[in-house]
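In the working numbering, the protein residues as written are 160 to 290.
Written out below as structure tokens is the structure these notes cover.
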Amino acid sequence: MDAFPRFLPDDLSLGRPGLETRCHAALADGHAAEVPQLGSDWGPRLSRAGFTIEAERPFAISLTPPLPHSARRYAQETLRRIRSHLDGRMSAGDLLALDTLIDGDGPDGVLRRDDLAVRTTRTLWAARRPG
């Protein structure tokens with residue numbers, strides 16, 4: 160997993176524009192110390208562990224609106240997971256906007272928004288251990 164997926168448009172008409180960008184920036188600060196392997200190139204790690212890299216393939220994932228309900232639930236759960244790491248790292252206004260997006264079935268919640276997308280990348284490494 161290269162990074163957490165992105166779902167929100169820049170301007171949500173809820174809080175200040177750029178909420179998701181600020182969320183990811185706040186997470187990156189914590190991940191640098193807590194999860195340094197997130198987004199790293201796993202090829203060298205696999206090689207050092209004795210594997211031979213057979214293939215490396217990045218996948219760009221881009222689902223455009225309107226999303227099916229299952230993708231909206233995925234957005235809600237992912238944003239909820241992100242939110243659980245943001246206390247003390249973001250402004251009260253940003254946290255309130257994020258809580259509005261992920262909590263319940265209100266008109267601004269991700270389960271009812273028609274402007275959500277799924278944007279992310281994943282990289283697959285196929286490797287084998289010689290012998």
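Where a beta carbon is used, it is the ideal one built from N, C-alpha and C, also for glycine.
- In the DSSP assignment, Leu-222 falls within the unbroken beta strand (DSSP E) covering 211-222.
- Between the alpha carbons of Gly-174 and Thr-211 lies a distance of about 49 angstroms.
- Ala-286: not part of any alpha helix (DSSP H); member of the beta strand (DSSP E) spanning 277-287, first to last residue.
- Going by beta carbons, Arg-207 and Thr-282 fall outside the 8 angstroms limit.
- A distance of 8 angstroms or more separates the beta carbons of Arg-239 and Leu-270.
- Secondary structure of Arg-207 (DSSP, three-state): helix.
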